[in-house]
Structures are given as C-alpha cells and as structure tokens.
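Numbering (the working numbering), first residue to last: 90 to 301.
Before any comments, here is the structure.
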Amino acid sequence: MAVVNANYEFIMTDVGVNGRVSDGGVIAVTEFGRRMELAELNLPEPKPIVQNGNKMPFVFVADDAFAMSENVLKPYGGDKLDHDQRVFNYRLSRARRVSENAFGILSARFGIFRSVIQLSPEKATTITLACCYLHNFLRKKSKNYLRPGSVNWEDANHEVHLAEWRDHQNQLERLGPCRSRNIGAGTRAVRDSFREYFCTQGRVHWQEERIA
C-alpha cells in the first residue's frame with residue numbers, strides 16, 4: 090500500500106502485509122492508518138476551495154478498497170447513481186489515475202514485479218522498498234525515466250489513451266474492496282461538498298461527455 094503525490098512519487102509505503110488483505114485492512118494496521126485515525130498526520134488545516142466558500146479538508150483519493158473518512162474520498166457505490174454522483178465518480182477516477190500510473194511505472198521499470206518474488210518475505214520487503222526509493226530518485230533526477238507512453242494521457246478532446254505499462258501480462262495485483270461500514274454524517278457531508286463543487290464552480294466542460 091502506498092500514498093502517491095501528483096508527480097508519481099511514493100511519499101508513504103507499507104510493504105509486507107499478506108496480499109489477501111484488502112487495502113482497507115492494510116491501512117488499519119499501519120502507522121499511517123493509526124495516525125490518520127487519531128488525527129496525528131499533521132495534515133494542513135481545512136481551507137475553502139472557492140472564494141468565500143466553506144472550509145474543506147485536505148483529502149486522499151482512494152478506490153473502493155479503502156474505508157471512507159473525512160480525509161479519504163472514495164466513489165459512490167451502486168448502479169443507480171444520479172447525474173451528480175456520476176460526475177463525482179468520474180472526477181475521482183480521473184484523479185486516481187496518478188496513483189495507478191505510479192504503480193504501473195514501477196512495475197514496468199522494475200521487472201521483478203512482473204512475477205512472483207520467490208524470496209523470503211523480509212528480502213521481498215527490502216527489495217520493494219528499495220525499488221520505491223529508486224523510483225522516486227529517478228523521477229527527480231532523470232529526464233529519461235518517464236518515457237513517452239509511460240502514463241495515461243488525454244488528448245485535446247479529453248479522450249484517455251492508456252499507458253504502455255497496461256500491456257504487460259503480469260501487473261501488480263489490484264486488491265479487493267473493503268467491507269462496507271456505516272459512514273458518518275460528517276464524512277458523507279465532505280464527499281457531498283466535493284460532488285457539489287465538481288458540478289458547479291469546479292465543473293469542467295468535457296465531463297458531461299465522459300459520463301454519458
């Protein structure tokens with residue numbers, strides 16, 4: 090499990106948990122997860138995203154494998170979503186491509202991740218962390234590390250073109266969804282506020298075509 094920034098760099102990684110555990114289960118046993126639960130991550134204070142608007146918390150963009158909280162945004166579930174919920178899910182998915190690309194680049198550039206690592210868990214953990222460090226170093230220092238086609242990209246019509254790493258037969262396994270749990274009113278309000286923003290002042294003109 091990892092947290093990725095907008096530059097495809099890993100800013101937090103936790104390696105070594107059994108792969109059968111969902112991301113939501115992984116985060117619960119990490120130092121990161123414990124600090125988030127106790128509000129000890131030293132996140133920036135909430136700020137308005139529009140002038141004179143309500144203050145909004147800084148959030149992590151996650152998929153359905155994570156439990157939602159006031160600082161973790163995940164998609165609306167179910168098949169019968171209304172227009173605004175589908176817009177929110179599209180915008181969240183678009184943002185989440187960054188983390189998907191980071192893992193894809195890592196897998197494409199370090200071939201050890203394309204098959205089972207037949208080493209002890211301790212050695213596999215060390216190798217994985219070393220690759221993440223090298224990945225971050227090369228992202229900062231090498232102009233050639235991120236090759237053309239290394240990440241998903243959008244053309245002038247905002248049509249998505251998939252990255253070359255998706256062609257690899259063996260990719261990093263996607264973990265299963267987290268078991269659903271009751272979401273507090275405050276958490277729902279945060280997601281609903283972002284949903285409203287994406288459909289009003291934060292609207293982009295092409296999103297209607299993407300959800301059609």
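Virtual Cβ for every residue (Gly too), placed ideally from N, Cα, C.
All of these numbers come straight from a predicted model, not from anything done at the bench.
Check                                                                                                                        : Outcome
Candidates ASP173, PHE177 and VAL150, of which the one nearest VAL187 by Cα                                                  : VAL150
Run of the alpha helix (DSSP H) containing ILE272, from where it starts to where it stops                                    : Note, ILE272: premise wrong, no alpha helix (DSSP H); not H, not E.
Backbone CA spacing between LEU227 and THR102 [nearest angstrom]                                                             : 17 Å
ASN160 versus GLU126, HIS247, GLY166 and GLY167, residue with shortest Cα-Cα distance                                        : GLU126
Option in MET157, TYR179, ALA278 and PRO133 with minimal Cα separation from GLY310                                           : Because residue 310 is not part of the residues shown, which for the chain are 90 to 301, the question remains open.
Helix, strand or coil at SER158 [DSSP, three-state]                                                                          : strand
Candidates GLN140, VAL148, ILE138 and GLY142: closest to ALA131 by CA position                                               : According to the sequence provided, residue 131 is Asn. The question's Ala does not apply to it. The candidate whose alpha carbon is nearest that of ASN131 is VAL148.
Proximity of ARG284 and ASP173 at Cβ, strictly below 8 Å                                                                     : yes
Coil, strand or helix - GLU243 by DSSP                                                                                       : strand
Proximity to ASN96 [Cα-Cα], best of PRO164, ASN190, ALA128 and ASN246                                                        : ASN190
Beta-carbon contacts of VAL104 that lie in its chain and below 7 Å, excluding the five residues immediately before and after : THR214, THR217 and LEU218
Test item: CB-CB of HIS224 and LEU181 under 8 Å                                                                              : no
Span separating the alpha-carbon of ILE138 from that of GLN290                                                               : 10 Å
Start-to-end residues for the beta strand (DSSP E) that takes in VAL93                                                       : 91–93
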